Ligand SMILES: Cc1cc2nc3c(=O)[nH]c(=O)nc-3n(C[C@H](O)[C@H](O)[C@H](O)COP(=O)(O)OP(=O)(O)OC[C@H]3O[C@@H](n4cnc5c(N)ncnc54)[C@H](O)[C@@H]3O)c2cc1C
């Protein structure tokens, strides 16, 4: 839906924010570490899951955007191996 720019106030007893499918919080950790993000505001990583800060690795939804548990698990496993390789070299 195209935004109209109009503001509408709707009275409600309960508002449930279903916002799981947005990028990670930029304020705090990401900004403090000055990590580069992509055009969808997810953390940019190279093929070794390394961020723009050499000693910082990232994985899962924070890098891909909203996805599936199995993909997050696979990403975590890949990242753990990459960190191990980095520390040993
Ligand atoms: C509503 C909803 C329903 C879903 N249903 C399914 C489903 O049915 N099947 C499926 O496969 N997937 C589903 N998913 C997707 C799945 O939950 C995610 O892909 C998966 O949890 C991603 O794992 P992750 O470890 O990358 O991130 P997360 O599980 O989001 O873990 C990130 C963790 O980091 C913590 N964190 C964030 N910022 C900081 C910080 N600055 N300092 C310290 N900790 C921090 C968070 O609190 C969180 O505990 C669903 C997602 C949502 C939102």
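Residue numbers (our numbering): 11 to 99.
Ideal Cβ positions, reconstructed from N, Cα and C, are used throughout, including at glycine.
This structure is a prediction, so every number in the text was calculated from the model and none was measured.
- Of the candidates 23, 13, 95, 16, the residue whose Cα lies closest to the Cα of residue 60 is 95.
- DSSP, read as helix, strand or coil, puts residue 20 in coil.
- Of all C-beta pairs linking the stretch 40 to 53 to the stretch 61 to 72, three or more are shorter than 8 Å, placing the two stretches in contact.
- C-alpha of residue 16 to C-alpha of residue 88: approximately 45 Å in a straight line.
- For residue 71, the uninterrupted alpha helix (DSSP H) run begins and ends at 71 to 74, by DSSP.
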